[in-house]
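Visitor:
Okay, structure coming up:
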């Protein structure tokens, strides 16, 4: 990458944002969600166990959730 600004036109920006699938980011599963068992582990009742562990030790949120893998885009 160069430190020099790359010239773009307003139309370049509009085309970029309007073409293809809307948005710039996608949210995709990080775990397999194929079977009923997978869904039960990911949601109810399986999600209760890590929730209780996080309640006991809030630092475990980094192990059991996406908390450590998130950024704010402003």
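Numbering (the working numbering), first residue to last: 116 to 189.
Ideal placement from N, C-alpha and C gives every residue a C-beta, glycine not left out.
Mapping the DSSP letters down to three states, classify residue 131 as helix, strand or coil.
Guide: Start at 1 with the first residue of the chain shown, and residue 131 comes out as number 16. Note: residue 131 maps to helix in three-state DSSP.
Visitor: Would the beta-carbon of residue 165 fall within 7 Å of that of residue 177?
Guide: The count along the chain shown starts at 1 and reaches residue 165 at position 50. The count along the chain shown starts at 1 and reaches residue 177 at position 62. No, Cβ-Cβ distance for residue 165 and residue 177 is not below 7 Å.
Visitor: Would you kindly work out how many angstroms separate the C-alpha atoms of residue 125 and residue 131, rounded to a whole number?
Guide: In the chain shown, the residue the question calls residue 125 occupies position 10. In the chain shown, the residue the question calls residue 131 occupies position 16. When rounded, the distance between both Cα atoms is 10 Å.
Visitor: Out of 158, 121 and 175, which one is the CA nearest neighbour of residue 146?
Guide: Here residue 146 refers to the residue found at position 31 of the chain shown. If we check each option's Cα against that of residue 146, 158 comes out closest.
Visitor: By DSSP, does residue 174 sit in helix, in strand, or in coil?
Guide: In the chain shown, residue 174 corresponds to position 59, counting from 1. Residue 174: helix per DSSP, three-state reduction.
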